[in-house]
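Okay, structure first, notes after.
2 protein chains.
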Amino acid sequence: MNFTIRQLEAFREVMRTGGISEASRVLNKTQPTVSAMIASLEEALHFKLFLRQKGRLVARPEAYFFLDEVKSILDRLDHSARIMDQIKDSERGSLKIACLPAAATHFLPHELAVFLKDKPEVQASLIMRSSTMIADMVASQQFDIGLAETPQSRQTIKTTEFNVVGCCAIHADDPLANEPFLTPKLLSGRPAALLFEDHETAIQQRRCFADAGSHLNQRFELQTFQPALELVENGLCYCLCDLLNAETHRIGVRGKSNVRFLRFLPGILSPISILEPAQRPQSVVATAFAQQLIARMSNLNLAQINAAQAAQHSPQLI
Amino acid sequence: MNFTIRQLEAFREVMRTGGISEASRVLNKTQPTVSAMIASLEEALHFKLFLRQKGRLVARPEAYFFLDEVKSILDRLDHSARIMDQIKDSERGSLKIACLPAAATHFLPHELAVFLKDKPEVQASLIMRSSTMIADMVASQQFDIGLAETPQSRQTIKTTEFNVVGCCAIHADDPLANEPFLTPKLLSGRPAALLFEDHETAIQQRRCFADAGSHLNQRFELQTFQPALELVENGLCYCLCDLLNAETHRIGVRGKSNVRFLRFLPGILSPISILEPAQRPQSVVATAFAQQLIARMSNLNLAQINAAQAAQHSPQLI
DNA sequence: TCATTCCATAGATTTTTCCTATATATCCCT
DNA sequence: AGGGATATATAGGAAAAATCTATGGAATGA
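Chains A and B, in that order, give the protein sequences. Residues 1 to 318, numbered by our numbering, are exactly what the first sequence covers, in order. Residues 319 to 636, numbered by our numbering, are exactly what the second sequence covers, in order.
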């Protein structure tokens, strides 16, 4: 057949109001327009829905049946329109995120929480994996967004790179905590927590201590930075980590923290990337979240972390 | 929102074929037309359904979701269109018929059977009532069509009147069966079956016999004509009845009948009407059936009944 | 490199939609 | 019976939309 949605809407309104004139007022159309719409609908159906008795429309039994059909169609249409509207505002959809340990415990969950606050219809999944696995999972389109150490450039992955700067975590009571920045010289001989031997950050740290002729006293070796920062929290050591780990730690403690994050020279950079599948288009939600994440990563800096930490100390001010 | 059905159809086809060019061929539109339709659909949704990568359309995840919605809507629409098409051809609907005894056993069921032969989706109900009750039930819109003795004219009933002529039913072996027509004189003194005393046909019969100075020998008094004709079938009496009863009897016997229906003079007329509710419009099916019934009633005559009866005697000729 | 395929854009044209003005029928009230 | 109000239909024109032809750019494969 050859209906139009407008015809169906007009018909529904004519049935509801009982006449063309009244319906035309509701529909913000003129009476002849609605009259023509009904006429063309009847033409499309090849039979009259109404009899014209005494200058009025009188619905035939078929019109009541058709009304049910039309209502159901228009309701269905309206329902879809509403859902599509939610999708447009990324209030509906699904989001699959894979994330390295540095951000998995607090940083990303927190970002996700902010993003999903007013989006009850978005279903999200978040997993923690090693950077190489994350790259593979994004490349194979199993996940929408990955946060990982910058992988080898490949065609199947679109990367947005960040060089997250390193800093030094030290206990607040340590006299060094008052320095404007720290160096291998200042930290020489003090107990340190490092990641395992092969990890890029450990390699860099050893190199710059060696370059400065300072003594690196490795007291702890760990898999990830979060436990290392817990040791710093207890005053057992200092630790060189990147801002992502610093921020994750800050969010994690929630209340007062004994760790201070200070600038460290020479600068150490950790190449971290947001990964997206390159072969297939992203969903609206994924695009929106990636955008938020990129903004957040760009904005990552020591000043902001310390300010947020200070705010946590006097929460009544917030 | 502001979709059009054409947009949705175009979208479905683009998704199915994987591109605008191919879809435009299927849809019998030009490629720029379909391109514009997709563009306007995206505009209505306020977000892109496709990314344009390397000169091709690539569907975003949302497009697949939307496709499900669109398919369901278009299917629903198609389903309704098909049903409305059946209704147009009165192949679907309901039909409530009330009918007087004269036609209830065979005449009307037979008409109904002919009418509904190729209309499996029409639900019909048929009841037998007295003429006064039929008039009331049609007037109160409980029934779509009534076949009854012509009632007092009232605003709530639209009547189509027929003056069904009376005839004489007589056993084939009776010598009178060879007369061209019968009169009170010829039937004088012979055993007759009549309806109860108050019935209009009985009154008329008594009157015309009295007028002719002939003897009316009422051997049987009955409620309706069908049992009377059964008595005639067994050669116990003759009977004056109307053509509707004659036709009903003819259809009922199906095989060889011993009853002959002869012209009777003076003419006796039974006012029978097809009744329809006047206040509300009729359904398409009811209109169609009423039309068939009117044609059939108009066509009711002795010659046709006798011809049909003759055909029953030699069914191999049909 | 060249032909082909695909999509987008521009401008013209056809079709559809919608409005104004008007006619007609009915109803209600005087 | 007549005037006013209301309801629908029709005619004609203006505005909007749909659709076409022509064309250009980008990618692909021979």
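Each residue gets a CB set at the ideal place from its N, CA and C atoms; glycine is no exception.
Within-9 Å CB hit, residue i to chain B
i	result
Ser-324/A	Nothing in the structure corresponds to residue 324/A, since chain A is present only between 1 and 318.
Met-133/A	no
Gly-93/A	yes
Ile-203/A	no
Ile-73/A	yes
Val-58/A	yes
Ile-305/A	no
Gln-291/A	no
Gln-53/A	yes
Asp-174/A	no
Glu-9/A	no
Coil, strand or helix - residue i by DSSP
i	result
Gln-441/B	strand
Asp-242/A	strand
Glu-565/B	helix
Thr-474/B	coil
Lys-88/A	helix
Pro-175/A	helix
Ser-398/B	helix
Ile-20/A	helix
Cys-485/B	strand
Pro-509/B	strand
Cys-373/B	Sequence check: residue 373/B is Gly here, not Cys. Coil, per DSSP.
Pro-227/A	helix
Phe-321/B	coil
Lys-389/B	helix
Asn-535/B	strand
Ser-131/A	helix
Residue i versus the options, residue with shortest Cα-Cα distance
i	options	result
Ile-305/A	Lys-88/A, Leu-182/A, Arg-263/A, Pro-271/A	Arg-263/A
Leu-236/A	Ser-94/A, Thr-160/A, Ala-113/A, Ala-169/A	Ala-169/A
Arg-410/B	Leu-302/A, Ala-212/A, Phe-65/A	Phe-65/A
Thr-477/B	His-489/B, Gly-464/B, His-567/B	Gly-464/B
Gln-371/B	Leu-293/A, Leu-240/A, Arg-280/A	Arg-280/A
Glu-439/B	Pro-469/B, Ser-448/B, Met-446/B, Ser-408/B	Ser-408/B
Leu-363/B	Leu-395/B, Asn-346/B, Leu-326/B	Leu-326/B
Phe-425/B	Gly-570/B, Ile-612/B, Gly-585/B	Gly-570/B
Thr-519/B	Gln-609/B, Ile-586/B, Ala-528/B	Ile-586/B
Glu-594/B	His-517/B, Gly-484/B, Gln-459/B	Gln-459/B
Proximity below 9 Å, CB of residue i to CB of residue j
i	j	result
Ser-471/B	Thr-501/B	no
Val-432/B	Ile-590/B	no
Glu-13/A	Met-402/B	no
Ser-601/B	Asp-462/B	yes
Gln-31/A	Ser-40/A	no
Leu-434/B	Ala-442/B	yes
Leu-413/B	Ala-604/B	yes
Phe-368/B	Glu-360/B	yes
Gly-336/B	Leu-375/B	yes
Ile-323/B	Ile-5/A	yes
Gln-312/A	Arg-250/A	yes
Phe-321/B	Ala-81/A	yes
Ser-131/A	Glu-111/A	no
Gln-484/B	Leu-558/B	Contrary to the premise, residue 484/B reads as Gly rather than Gln in this sequence. Yes, they are a contact pair.
Any C-beta of chain A under 9 Å from that of residue i
i	result
Pro-438/B	no
Thr-468/B	no
Ser-601/B	yes
Phe-368/B	yes
Leu-635/B	Reliability fails at Leu-635/B, whose pLDDT of 46 lies under 50, so the model's placement of it is uncertain and the value that follows must be treated cautiously. No - not a single Cβ of chain A is within 9 Å of the one on Leu-635/B.
Met-271/B	No statement about residue 271/B is possible, as the shown extent of chain B runs from 319 to 636 and does not include it.
Ile-323/B	yes
Phe-384/B	yes
Phe-365/B	yes
Ile-405/B	yes
Val-332/B	no
Ser-398/B	yes
Met-402/B	yes
Glu-539/B	no
Arg-472/B	no
Leu-593/B	no
Residue i beta carbon near the ligand GTP (any heavy atom closer than 8 Å)
i	result
Val-232/A	This structure lacks the ligand GTP, and indeed carries no ligand of any kind.
Legend entry - Any 3 or more C-beta pairs closer than 8 Å across the stretch 446 to 466 of chain B and the stretch 568 to 588 of chain B: No contact exists between the stretch 446 to 466 of chain B and the stretch 568 to 588 of chain B.
Inset, instruction - Report yes or no: do three or more beta-carbon pairs, one from the stretch 503 to 514 of chain B and one from the stretch 535 to 544 of chain B, lie closer than 8 Å? - result: The stretch 503 to 514 of chain B, when compared against the stretch 535 to 544 of chain B, does touch it at the 8 Å Cβ threshold.
Inset, instruction - Mind the definition here: the stretch 409 to 428 of chain B touches the stretch 549 to 563 of chain B only if three or more C-beta pairs lie below 8 Å; say whether that holds. - result: The stretch 409 to 428 of chain B is in contact with the stretch 549 to 563 of chain B.
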